[in-house]
Amino acid sequence: MSLIPAQLELGQGFVVNGRYRVMRELGHGGMGIVYLVEDLHDHGKRLALKMLLPDPANLHMMERFHVEFAGLSKLRHPNIAAACDFGRIAGTQTCYFTSEFVTGVDIYRGTVNATTPQILGLFAQTLRGIEVVHKSGYVHNDLKPGNILLEFLPHKQPTKAINGPSGKPGPAAQSLGRVKIIDFGLFSVANTSWSDLLGTPQYLSPERIRGEVVDQRSDLYSLGFIFYALLARTLPFNEPDPERLLTLQLEQKPPSLSFFRPDLSASLIAFVEQLMQKRPGDRFPTAGEALAALEREIRTHHDERSGYTAADLSAGSLVRREREFIALQEQFFIASALARDSSSLVLKGPSGIGKTRLVRELRGLVQVSGGAYIELPGIASDVTTAQAAEAIWVGLETSGLRDLSEARKAAKAASLAVGDSQAIAKVVQDVVLRCAHSMPILLFFDDFLRASPGVQTLALELIRTADEHLSSRTGKPRLLVVLGWRTDEAIAARAALPPIPDLPVLELKPFSTDDSCALIKTLFDRDDIPEGTLSSVAGCAQGIPGRVLELVTDLVENESVRHDGSAWVFPG
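When you line the sequence shown up against this note's numbering, it's residues 33 to 604, in that order.
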């Protein structure tokens, strides 16, 4: 096993917490180092691993690192690089988190030969991603071309002719790709003031420079300068001296975009200028309003080379489950504080109701709190107790626990005994409960009723043993076991289950029609969806969010609804 490097700069081949193998360094800054890694427990999937440089004196940096992951873990959108796991490198106090790795180039380099309609489409994608950030109550604070990547995608030709302004069908344009917003290292909640002047001077808003309270409109200023650069192929202020550059940001109006692009419409130039206004009140109030104005420009600048392209549906934020999420969150906090009467919870509801999504919303919170989030997803009857145990070891090690090779050996020895899943369960119980005395653990058995008998026994024995510890004097384990319980299979499966204790229950009910419509709008990432589409999908889904997703996906796959590179286009 590799030793921890003395300088905590991870060399090629080093394996972080038995899971992430370092391939190469991607970037090195004042706050940390970013590496390209492969996930050894997910088929070698490539991820970006950001490691915070150790500096015990800088608690503010540690807090910002936590805020970055906690906020990023809540954002799910095709135009935002998704967060994965947070933990500590085993044997150290050094934090890290992993996120989606994007293969592509920055948006400036990727648009060298782009047409104006293509640039408008990419900027619309950027605004859609930033709108999600802002609606979640955050500000990116470091928007620049290097933090907006262009991920290359295979182009999907439309199956139907697309008419240009002349009314004649024109050839579809090659899609430039998908925008991915990255690097949330200066992430903050809205209405925050900065004592330190951090960021890239070419894109800093005047209020950031003055150290004033900053809201989402500061990001819009940065986006205005990016958009200007994409269209003009030069920055508004080409000043090498940082002090002089900051003065220009505060006092000087940028040269008119028409000087570089006399072919652009007056309305598009006015759009860019409104983004770059010195006073926040003179800019667009929100990213959504800026996006609406931009989409009007996109329709104006449509040409025969514009075509439909493949696009992802938005996972969006958690829709209409705020009360249930707060209840689940409270159960975890109670378990973490050691003040509770039960170590478990049954999360009940029919298939597709959103049980898995609800629990996954807690992942970032659990990990940033120094705990372990362990999910045994979709456990089918052919998953053995030994395989479930291995998933638990991986989850514990990901959070920073030292090598669990001895536990693995003990579980493997038990698995060699024919039918002795009970011995494996005993090893798991001992390790999990011992770890839960030093750190909070959330252990989620998804689709519990379809698990193998050995895995069901493992979960129930773990709950029983943990509950016994609650009344002992040896200290309470900080453990919450959540059982995902499908009510549409409960009656048929119950007879085959081992004895079930009386457990607390949180039940998810089907959505109302209004809630289903809200989810459809979230998935398409827009509010102006035709009423016919809303009522048809909501009616067929019968309040089950999973069915809403299936029906919406069918509309996209059958090309009843298509994407024009900036937004979804509906029939009629």
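Even for Gly, the Cβ is constructed at its ideal location relative to N, Cα and C.
Let's see if you can read the secondary structure: which residues bound the beta strand (DSSP E) around alanine 404?
The count along the sequence shown starts at 1 and reaches residue 404 at position 372. Where alanine 404 is concerned, the enclosing beta strand (DSSP E) stretches over 404-408.
Ordered along the chain, which non-local residues of its own chain (more than five positions away) have a Cβ less than 8 Å from that of valine 69?
One-based indexing of the sequence shown puts residue 69 at position 37. Closer than 8 Å at the Cβ level, and outside the excluded window around valine 69, lie Val48, Tyr52, Arg53, Val54, Met55, Arg78, Leu79, Ala80, Leu81 and Thr130.
Please give the ranges of any beta strand (DSSP E) in the segment 209-271, keeping only runs that are unbroken, at least 3 residues long and fully inside the region.
Segments of the beta strand (DSSP E) lying fully in the segment 209-271: 210-213.
Within this structure, are the beta carbons of histidine 333 and leucine 159 separated by less than 8 Å?
Taking the first residue of the sequence shown as 1, we reach residue 333 at position 301. Taking the first residue of the sequence shown as 1, we reach residue 159 at position 127. Taking 8 Å as the Cβ cut-off, histidine 333 and leucine 159 do not qualify as a contacting pair.
For glycine 50, count neighbouring C-beta atoms within 10 Å of its own C-beta (all shown protein chains included) and say buried if the count is 16 or more, exposed if not.
Numbered from 1 along the sequence shown, position 18 holds the residue referred to as residue 50. Glycine 50 comes out buried.
Quick one: what does DSSP say glycine 516 is sitting in, helix, strand or coil?
What you label residue 516 is simply residue 484 of the sequence shown in a count that begins at 1. DSSP places glycine 516 in strand when its eight states are reduced to three.
Rounded separation between threonine 124 and glycine 45 - CA only:
For the purposes of this step, residue 124 is taken as the residue at position 92 of the sequence shown. For the purposes of this step, residue 45 is taken as the residue at position 13 of the sequence shown. For the pair threonine 124 and glycine 45, the Cα-to-Cα distance works out to about 19 Å.
First through last residue of the alpha helix (DSSP H) which encompasses lysine 553
Here residue 553 refers to the residue found at position 521 when the sequence shown is read from its first residue. Taken as a continuous stretch (DSSP letters only), the alpha helix (DSSP H) holding lysine 553 covers 545-556.
Rounded C-alpha distance that separates glutamate 563 from serine 349
Reading the sequence shown from its first residue, position 531 is the one you call residue 563. Reading the sequence shown from its first residue, position 317 is the one you call residue 349. Note on geometry: alpha-carbon atoms of glutamate 563 and serine 349 lie some 22 Å from one another.
Where does the unbroken beta strand (DSSP E) through valine 584 begin, and where does it stop?
On the sequence shown, residue 584 is found 552 positions in, with the first residue counted as 1. Residue range 577-589 is occupied by the alpha helix (DSSP H) that includes valine 584, with no beta strand (DSSP E) assigned at that position.
Look up serine 368 in the DSSP assignment and say whether it is helix, strand or coil.
Against the sequence shown, residue 368 aligns to sequence position 336. Reduced to three states, the DSSP call for serine 368 is helix.
From proline 603 to cysteine 549, what distance separates their C-alpha atoms?
For the purposes of this step, residue 603 is identified with residue 571 of the sequence shown, where counting begins at 1. For the purposes of this step, residue 549 is identified with residue 517 of the sequence shown, where counting begins at 1. Spanning the two alpha carbons is a distance of roughly 18 Å.
I'd like to know if glutamate 95 contacts chain B, where contact means its C-beta is closer than 8 Å to some C-beta of that chain.
Absence of chain B from the displayed structure is noted, only one protein chain being present.
Okay, do the segment 221-238 and the segment 160-170 touch, 3+ Cβ pairs below 8 Å being the bar?
A contact between stretches requires three or more CB pairs, one per stretch, nearer than 8 Å, and the segment 221-238 meets this requirement with the segment 160-170.
Could you give the DSSP three-state label for histidine 595: helix, strand or coil?
Within the sequence shown, the letter at position 563 stands for residue 595. Histidine 595: strand per DSSP, three-state reduction.
Taking 8 Å as the cut-off, decide whether the C-beta atoms of phenylalanine 101 and alanine 115 are in contact.
As a working mapping, residue 101 is identified with position 69 in the sequence shown. As a working mapping, residue 115 is identified with position 83 in the sequence shown. Here phenylalanine 101 is near alanine 115, since their CB atoms are less than 8 Å apart.
Extent of the continuous alpha helix (DSSP H) to which lysine 167 belongs
Residue 167 sits at position 135 when you count from the first residue of the sequence shown. Element bounds for lysine 167: 148-167.
Between the C-alpha atoms of isoleucine 112 and lysine 176, what's the straight-line distance to the nearest angstrom?
Start at 1 with the first residue of the sequence shown, and residue 112 comes out as number 80. Start at 1 with the first residue of the sequence shown, and residue 176 comes out as number 144. Going from the Cα of isoleucine 112 to the Cα of lysine 176 covers about 14 Å.
Distance between asparagine 590 and isoleucine 561 (C-alpha atoms, nearest Å)
Reading the sequence shown from its first residue, position 529 is the one you call residue 561. Reading the sequence shown from its first residue, position 558 is the one you call residue 590. Answer to the nearest angstrom: the Cα atoms are 18 Å apart.
Using DSSP with H/G/I as helix, E/B as strand and the rest coil, what is glutamate 539?
Here residue 539 corresponds to residue number 507 of the sequence shown, with the count starting at 1. DSSP places glutamate 539 in strand when its eight states are reduced to three.
One or two residues paired with isoleucine 121 in a DSSP bridge:
Your numbering for residue 121 matches position 89 in the sequence shown. According to DSSP, which records beta bridges pairwise, isoleucine 121 is partnered with nothing at all.
Please determine, among His166, Thr519, Gln419 and Thr135, the residue with the shortest C-alpha to C-alpha distance to histidine 73.
Locating residue 73 in the sequence shown gives position 41, counting from the first residue. Nearest to histidine 73 by C-alpha distance, out of His166, Thr519, Gln419 and Thr135, is Gln419.
Tell me which residue opens and which closes the beta strand (DSSP E) that alanine 113 is part of.
Mapped onto the sequence shown, residue 113 falls at position 81. Where alanine 113 is concerned, there is no enclosing beta strand (DSSP E), given that its DSSP letter is neither H nor E.
Which residue marks the beginning of the beta strand (DSSP E) containing alanine 80, and which one marks its end?
If you number the sequence shown from 1, residue 80 lands on position 48. That run of the beta strand (DSSP E) goes 77-84.
Which partner residues does tyrosine 140 have in the DSSP bridge list?
Residue numbering aside, residue 140 sits at position 108 when the sequence shown is read from its first letter. According to DSSP, residue pairing for tyrosine 140 in a beta bridge does not occur.
For a quick check, are the C-beta atoms of leucine 551 and valine 580 less than 8 Å apart?
Along the sequence shown, one-based indexing puts residue 551 at 519. Along the sequence shown, one-based indexing puts residue 580 at 548. Contact: yes.
Taking the alpha-carbon positions, what's the serine 431 to glycine 403 distance?
Here residue 431 refers to the residue found at position 399 when the sequence shown is read from its first residue. Here residue 403 refers to the residue found at position 371 when the sequence shown is read from its first residue. The alpha-carbon atoms of serine 431 and glycine 403 are separated by roughly 7 Å.
Considering only residues of the same chain and omitting the five flanking positions on each side of aspartate 174, which have a CB-CB separation below 6 Å?
Walking along the sequence shown from the start, residue 174 turns up at place 142. The beta carbon of aspartate 174 is closer than 6 Å to those of Leu218 and Gly231 in its chain, skipping five residues each way along the sequence.
Where lysine 387 and leucine 540 are concerned, what is the direct C-alpha to C-alpha distance, given to the nearest angstrom?
Along the sequence shown, read from residue 1 onward, the residue named residue 387 stands at position 355. Along the sequence shown, read from residue 1 onward, the residue named residue 540 stands at position 508. Distance between the alpha carbons of lysine 387 and leucine 540: 7 Å.
Look up glutamate 393 in the DSSP assignment and say whether it is helix, strand or coil.
Against the sequence shown, residue 393 aligns to sequence position 361. Shown here, glutamate 393 sits in coil according to DSSP, grouped into three states, outside any helix or strand.
According to the neighbour-count rule (16 or more other Cβ atoms, all chains shown, within 10 Å of its Cβ), is valine 584 buried or exposed?
To locate residue 584, count along the sequence shown from 1; it is residue 552. With 16 or more Cβ atoms within 10 Å of its Cβ, valine 584 is classed as buried.
Identify the residues that DSSP records as bridge partners of isoleucine 65: which are they?
If you number the sequence shown from 1, residue 65 lands on position 33. DSSP links isoleucine 65 through a beta bridge to His60 and Met83.
Beta-carbon proximity list for asparagine 145, same chain, < 6 Å, skipping 5 on both sides:
By one-based count along the sequence shown, residue 145 stands at place 113. If the five residues before and after asparagine 145 are omitted, its C-beta is found closer than 6 Å to no C-beta atom of its own chain.
If you draw a straight line from the C-alpha of tyrosine 253 to the C-alpha of phenylalanine 365, how long is it?
If you number the sequence shown from 1, residue 253 lands on position 221. If you number the sequence shown from 1, residue 365 lands on position 333. Per the coordinates, the alpha-carbon of tyrosine 253 lies some 39 Å from the alpha-carbon of phenylalanine 365.
Boundaries of the alpha helix (DSSP H) in which glycine 320 is found, first to last residue:
Sequence index remark: in the sequence shown, residue 320 carries index 288 (1-based). Where glycine 320 is concerned, the enclosing alpha helix (DSSP H) starts and stops at 319-332.
Spatial neighbours of phenylalanine 292 in its chain, beta-carbon cut-off 6 Å, leaving aside the 5 residues before and after
Counting from one through the sequence shown, the residue named residue 292 turns up at place 260. For phenylalanine 292, where only same-chain residues beyond five positions count, the Cβ hits under 6 Å are Ala264.
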